[in-house]
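Undergrad:
There are 2 protein chains.
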Amino acid sequence: MAEDSNPVRPRLAPPARLDDRDRTLLGLLAEDSSRSYAELGKLLHLSAPAVHERVKRLRQDGVIKANVAVLDGAKLGRPLLTFVHVDTTSWAVTRHLLALKELPEVEEIHTVTGESAMLLKVRTRDTQALEDLLERIHSIEGFTGTRSYIALSTYLERGPSPVATE
Amino acid sequence: MAEDSNPVRPRLAPPARLDDRDRTLLGLLAEDSSRSYAELGKLLHLSAPAVHERVKRLRQDGVIKANVAVLDGAKLGRPLLTFVHVDTTSWAVTRHLLALKELPEVEEIHTVTGESAMLLKVRTRDTQALEDLLERIHSIEGFTGTRSYIALSTYLERGPSPVATE
DNA sequence: TTTGGGTCCGAATGAAGTTCGGAACTATAT
DNA sequence: ATATAGTTCCGAACTTCATTCGGACCCAAA
Numbered sequence: 009m010a011e012d013s014n015p016v017r018p019r020l021a022p023p024a025r026l027d028d029r030d031r032t033l034l035g036l037l038a039e040d041s042s043r044s045y046a047e048l049g050k051l052l053h054l055s056a057p058a059v060h061e062r063v064k065r066l067r068q069d070g071v072i073k074a075n076v077a078v079l080d081g082a083k084l085g086r087p088l089l090t091f092v093h094v095d096t097t098s099w100a101v102t103r104h105l106l107a108l109k110e111l112p113e114v115e116e117i118h119t120v121t122g123e124s125a126m127l128l129k130v131r132t133r134d135t136q137a138l139e140d141l142l143e144r145i146h147s148i149e150g151f152t153g154t155r156s157y158i159a160l161s162t163y164l165e166r167g168p169s170p171v172a173t174e
Numbered sequence: 009m010a011e012d013s014n015p016v017r018p019r020l021a022p023p024a025r026l027d028d029r030d031r032t033l034l035g036l037l038a039e040d041s042s043r044s045y046a047e048l049g050k051l052l053h054l055s056a057p058a059v060h061e062r063v064k065r066l067r068q069d070g071v072i073k074a075n076v077a078v079l080d081g082a083k084l085g086r087p088l089l090t091f092v093h094v095d096t097t098s099w100a101v102t103r104h105l106l107a108l109k110e111l112p113e114v115e116e117i118h119t120v121t122g123e124s125a126m127l128l129k130v131r132t133r134d135t136q137a138l139e140d141l142l143e144r145i146h147s148i149e150g151f152t153g154t155r156s157y158i159a160l161s162t163y164l165e166r167g168p169s170p171v172a173t174e
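Chains Y and L, in that order, are what the protein sequence lines are. So for the first sequence, my numbering puts the first residue at 9; every next one is plus one. So for the second sequence, my numbering puts the first residue at 9; every next one is plus one.
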């Protein structure tokens with residue numbers, strides 16, 4: 009009997025050890041980080057200082073990377089969300105990443121497997137602004153083509169879930 | 009000369025009117041919302057109550073949707089980020105969205121234009137967990153196929169930029 | 001000039017974050 | 001069994017911050 013059927017488990021960043029309270033705490037903070045420690049304490053059956061210590065530890069361990077305000081892209085004048093697959097000939101494109109990062113329309117940059125080499129998440133004012141952006145991307149050396157997928161509706165948009173995986 | 013060349017400008021959510029201070033304030037809060045109003049005031053050359061009033065207004069207007077903690081997916085045991093294009097035969101899939109939302113691996117759900125009907129952003133423990141997830145998606149009625157793009161590296165991941173668009 | 005809306009400031013108040021000392025518990029070693 | 005070290009928790013004290021308030025200032029419309 010093959011009791012040792014080990015799946016591939018990439019572990020570059022060491023996973024933190026978390027108990028149930030840590031996970032529910034992270035879940036609460038991931039949906040609304042403006043709650044007071046006293047309020048969180050009531051939900052977790054803990055005192056405010058105890059919650060504080062846990063949050064402090066989770067921050068030091070890097071489980072909590074930051075606290076940020078979530079902005080409304082449409083109200084900022086960018087209602088059009090698009091995913092752009094970028095084809096490249098060269099893999100020495102990391103230099104051009106700096107340029108892409110500077111563009112306010114670009115929210116995410118990933119290198120991916122599959123037909124394309126890169127995947128961008130971009131938010132623009134309208135299709136014209138998207139076209140301008142694509143034109144700029146095409147003008148970058150090594151970027152040979154793009155395929156765009158315009159988001160019609162977004163039904164879910166959240167961060168990583170702290171729910172236990174096994 | 010065609011001086012009136014009007015581009016398409018979708019305006020479902022009314023864009024808010026923001027001055028320069030609002031935009032820099034939003035930028036600061038989008039990268040770190042744990043700063044005190046006094047500290048923000050120093051950066052903006054404003055008093056703490058003035059900053060408070062602006063934030064309050066931006067929240068009421070819905071420009072600031074929430075304050076959340078950003079978690080590290082890898083440290084939570086999900087190092088593998090994948091974008092999944094889902095093909096569907098039927099457009100009556102919105103009922104199945106509720107099921108997808110319950111899956112902790114699924115972070116984003118969009119309906120998109122192009123070859124596929126839906127685009128998912130999912131985070132899993134490993135390729136095995138991804139395979140299990142895909143199997144579950146395939147078993148949903150109306151979902152005929154998927155194409156997956158595994159993210160090798162992520163170079164940028166942020167929210168909408170408050171930088172002025174024109 | 002007057003009125004109203006908007007934005008700002010300083011001062012005061014109340015709430016929340018933060019620190020501290022010590023108790024309770026666990027695990028390991030002696 | 002007892003001792004030691006490590007962890008987590010609590011209540012109390014302290015400090016910082018958020019929030020409110022009254023009034024000043026500016027600008028535009030009446």
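In this text, a Cβ means the ideal position worked out from N, Cα and C, and glycines have one as well.
Residues in its own chain within less than 8 Å of L/Tyr157 by CB, not counting five upstream and five downstream?
TA: Thr90, Phe91, Val92, His93
Undergrad: Quick one, are the C-beta atoms of L/Ala74 and Y/Asp140 less than 8 Å apart?
TA: no
Undergrad: Using a Cβ-Cβ cutoff of 8 Å, what residues of the segment 111-125 of chain L are near chain Y? List them in chain order.
TA: Along the segment 111-125 of chain L, the positions whose C-beta sits under 8 Å from a C-beta of chain Y are Pro112, Glu113, Val114, Glu115, Glu116, Ile117, His118, Thr119, Val120, Thr121, Gly122, Ser124, read in chain order.
Undergrad: DSSP beta-bridge partners for L/Arg155?
TA: L/His93
Undergrad: Which first and last residues belong to the beta strand (DSSP E) in which Y/Val171 is found?
TA: Looking at the DSSP string, Y/Val171 is not in any beta strand (DSSP E), and its letter there is neither H nor E.
Undergrad: State the start and end residues of the unbroken beta strand (DSSP E) segment that holds Y/Ile148.
TA: From DSSP, Y/Ile148 is part of no beta strand (DSSP E); its letter is neither H nor E.
Undergrad: Which bits of chain L does Y/Gly153 rub up against, with CB to CB less than 9 Å?
TA: Those do not exist, as Y/Gly153 stays about 14 Å from chain L at its closest Cβ, beyond 9 Å.
Undergrad: How about the segment 51-63 of chain Y and the segment 124-140 of chain Y: do they share at least three Cβ pairs that are nearer than 8 Å?
TA: no
Undergrad: Using the three-state DSSP reduction, which class does L/His53 fall into: helix, strand or coil?
TA: coil
Undergrad: Bridge partners of L/Thr119, per DSSP?
TA: Y/Ser161, L/Met126
Undergrad: What's the call for Y/Lys83, buried or exposed, on a 16-neighbour Cβ count within 10 Å?
TA: buried
Undergrad: Please go through the same chain and pick out, in chain order, the residues whose beta-carbon is closer than 6 Å to the beta-carbon of Y/Ser44, but skip the five residues on each side of it.
TA: none
Undergrad: Please work out which residues of its chain come closer than 6 Å, Cβ to Cβ, to L/Ala38, disregarding the five sequence neighbours upstream and downstream, and give them in chain order.
TA: Gly167
Undergrad: Taking the alpha carbon of L/His104 as the point to measure from, which residue in L/Arg86, L/Val76, L/His146, L/Leu88 has its own alpha carbon closest?
TA: L/His146
Undergrad: Please list, in chain order, all residues of the same chain as Y/Leu51 whose beta carbon is under 7 Å from its beta carbon, the five residues on each side excluded.
TA: The beta carbon of Y/Leu51 is closer than 7 Å to those of Leu36 in its chain, skipping five residues each way along the sequence.
Undergrad: With respect to the beta strand (DSSP E) encompassing L/Leu79, which residues constitute its N-terminal and C-terminal limits?
TA: 72-79
Undergrad: Give the DSSP-derived three-state secondary structure of Y/Arg131 in the structure shown.
TA: strand
Undergrad: Look up L/Leu88 in the DSSP assignment and give the residues it is bridged to.
TA: L/Thr132
Undergrad: By Cβ distance below 6 Å, which residues in the same chain neighbour Y/Arg155 in space, the five residues on each side in sequence not counted?
TA: His93
Undergrad: So, L/His118 versus Y/Ala159, is the Cβ gap smaller than 8 Å?
TA: yes
Undergrad: With which residues is Y/Val114 paired in a DSSP beta bridge?
TA: Y/Val130
Undergrad: Starting from the beta carbon of L/Leu127, find every residue of chain Y whose beta carbon is closer than 7 Å, and list them in chain order.
TA: Phe91, Tyr157
Undergrad: My output table needs one value for Y/Asp30: the three-state DSSP class, helix, strand or coil.
TA: helix
Undergrad: So that I know if they touch, is there some Cβ in chain L lying closer than 8 Å to that of Y/Arg166?
TA: At a cut-off of 8 Å between C-beta atoms, Y/Arg166 counts as an interface residue with respect to chain L.
Undergrad: State the DSSP-derived secondary structure class of Y/Lys83, mapped to helix, strand or coil.
TA: coil
Undergrad: Inspect the beta-carbon positions of Y/Leu88 and Y/Asp134 and report whether they are closer than 8 Å.
TA: For the 8 Å CB-CB criterion, Y/Leu88 and Y/Asp134 form a contact.
Undergrad: Under the three-state reduction of DSSP, which class applies to Y/Ala24: helix, strand or coil?
TA: coil
Undergrad: Just checking: is the beta-carbon of Y/Thr173 within a distance shorter than 8 Å of some beta-carbon in chain L?
TA: yes
Undergrad: Please state whether DSSP places L/Asp69 in a helix, a strand or coil.
TA: Assignment of L/Asp69 by DSSP, reduced to helix, strand and coil, places it in the coil class.
Undergrad: Run down chain Y in chain order and give the residues with a C-beta less than 7 Å from the C-beta of L/Ala38.
TA: Going along chain Y in sequence order, the residues near L/Ala38 (Cβ under 7 Å) are Val76, Ala77, Leu79.
Undergrad: Can you tell me which of the three DSSP states L/Asp140 falls into?
TA: helix
Undergrad: Which residues in the same chain have their Cβ closer than 6 Å to the Cβ of Y/Glu123, if we skip the five residues on either side of it in sequence?
TA: none
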